[in-house]
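> The structure follows.
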Amino acid sequence: MTATGVVGVRVRTRAWLLLVACAAGVLWAGGPARATDRSGPASRAPGLASPASGPAAAPGPAAAPGVGSGAVSRLHAGPVSASAPRADLAFHGHAVIDGDRMEVRLTPRDHGPAAVPEASVRVRWSAGPAGTVALSPGCTRTGERTVVCGTGALVAGQAGEEIRLGVRLRAPAPEVTLEVETAWNGGVADPDRSNDRLRVLVLPTGDEYSF
Numbered sequence: 295m296t297a298t299g300v301v302g303v304r305v306r307t308r309a310w311l312l313l314v315a316c317a318a319g320v321l322w323a324g325g326p327a328r329a330t331d332r333s334g335p336a337s338r339a340p341g342l343a344s345p346a347s348g349p350a351a352a353p354g355p356a357a358a359p360g361v362g363s364g365a366v367s368r369l370h371a372g373p374v375s376a377s378a379p380r381a382d383l384a385f386h387g388h389a390v391i392d393g394d395r396m397e398v399r400l401t402p403r404d405h406g407p408a409a410v411p412e413a414s415v416r417v418r419w420s421a422g423p424a425g426t427v428a429l430s431p432g433c434t435r436t437g438e439r440t441v442v443c444g445t446g447a448l449v450a451g452q453a454g455e456e457i458r459l460g461v462r463l464r465a466p467a468p469e470v471t472l473e474v475e476t477a478w479n480g481g482v483a484d485p486d487r488s489n490d491r492l493r494v495l496v497l498p499t500g501d502e503y504s505f
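Okay, so the sequence shown: first residue is 295 according to the working numbering, each after it adds one.
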């Protein structure tokens, strides 16, 4: 081989080695970069947020399913009493039928031990009235044969104000059933319901029936 040929071989060999070195450098630089891309968020240290996401939010209690903030605030508005105050409500009175007119006088009473800030009583009679019904103040007609009356505040151990009703019957009846019961007890617990749920049979004799 001539001297010129030897020199050409050496030049080509050096060029080839240079190309191989450059390619290796490119592969070495690209390899770790691709590995970092594949790792993604898992490569971050635990507990560190991404710089783009801002500070990590402090963990809080999970909301119960189906419960909104309004419901939660109502549930925790204040302490709830373990037991309601106890008060024995009772109703006593008189009923009379004279011809086609029926009159009822009713007196509420609180036997205690707690006072009742407000209560109401429902009065219902079995015969249909003819026209209007005479009512005491605080009474409202809620049906054809039903009236609800407020008792006002009741002091423990004392009777309240008397309630009066006047009903003109549509037709003379051989008998009328009068029903009296508590409609609202003011939020107290009544230990004895036998004296505030009454059924009284009233005959058209002009006699006064007590209950």
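Glycine is no exception: its CB is placed at the ideal position from the N, C-alpha and C atoms.
Could you please give the first and the last residue of the uninterrupted beta strand (DSSP E) stretch that includes S414?
S414 to W419 is the span of the beta strand (DSSP E), which, as asked, contains S414.
> Which residues does DSSP pair with S504 in a beta bridge?
Paired residue(s): H388.
> Could you tell me which of V470, E475 and G481 sits nearest to G496, measuring between CA atoms?
Checking the displayed sequence, the identity of residue 496 turns out to be Val instead of Gly. That would be V470, whose Cα lies nearest to the Cα of V496.
> Apart from the five residues just before and just after E502, which ones in its own chain have a Cβ nearer than 7 Å to its Cβ?
So the list reads H388 and V390, once near-sequence residues are dropped.
> Under the rule that 16 or more other beta-carbon atoms within 10 Å means buried, what is A351, buried or exposed?
With a pLDDT of only 39 at A351, under 50, the local geometry of the prediction cannot be trusted, and no value is derived from it.
> With distance defined between alpha-carbon atoms, name the residue in L448, V410 and E456 nearest to P431.
The shortest C-alpha separation from P431 is found at E456.
> Buried or exposed: D486, going by 16 or more other Cβ atoms within 10 Å of its Cβ?
By the 10 Å Cβ count, D486 comes out exposed.
> Which same chain residues end up closer than 7 Å to R380 when comparing Cβ atoms and leaving out the 5 residues on each side of it in sequence?
Cβ neighbours of R380 beyond the five flanking positions: P407, A408, V482, A483 and P485.
> When you compare the CB positions of E397 and G500, do they come within less than 8 Å of one another, or not?
The answer is no: Cβ separation not under 8 Å.
> For T436, count neighbouring Cβ atoms within 10 angstroms of its own Cβ and tell me buried if that reaches 16, exposed if not.
Label assigned to T436: exposed.
> Drop a sphere of 10 angstroms on the beta-carbon of R403, count the other beta-carbons inside from all chains shown, and report buried for 16 or more, exposed for fewer.
The residue in question, R403, is buried, as its Cβ has 16 or more Cβ neighbours within 10 Å.
> Mind listing, in chain order, the continuous beta strand (DSSP E) runs of no fewer than 3 residues lying wholly within the region 407-466?
Runs found: 414-419, 423-429, 433-437, 440-444 and 457-463.
> Of all the options G422, T401, V494 and S504, which has the alpha carbon lying nearest to the alpha carbon of G446?
Of the listed residues, the one whose Cα sits closest to G446 is T401.
> Between S377, S420 and H386, which has its C-alpha nearest Q452's C-alpha?
Among S377, S420 and H386, the Cα nearest to that of Q452 is on H386.
> R395: which of H405, G425 and G454 sits nearest, CA to CA?
Checking every option, the nearest Cα to that of R395 belongs to G425.
> Looking only at its own chain, which residues have a Cβ that is under 6 Å from the Cβ of C443, when we skip the five neighbours before and after it?
Result list for C443: V415, G432, C433 and I457, in chain order.
> Using only CA atoms, which one of G480, S420, V474 and A378 lies nearest to L463?
For the residues G480, S420, V474 and A378, the minimum Cα distance to L463 belongs to S420.
> To which residues does DSSP link V474 through a beta bridge?
V474 pairs with V417 and L492.
> On a CA-only basis, which of G454, P468, R439 and V474 is nearest E412? Give me that one, please.
It is G454.
> Give the straight-line distance between the Cα atoms of T440 and A378, rounded to the nearest whole angstrom.
Their backbone Cα atoms lie some 29 Å apart in a straight line.
> With a Cβ-Cβ cutoff of 8 Å, do L472 and V449 count as a contact?
Against a cut-off of 8 Å, the Cβ pair of V449 and L472 comes out as no contact.
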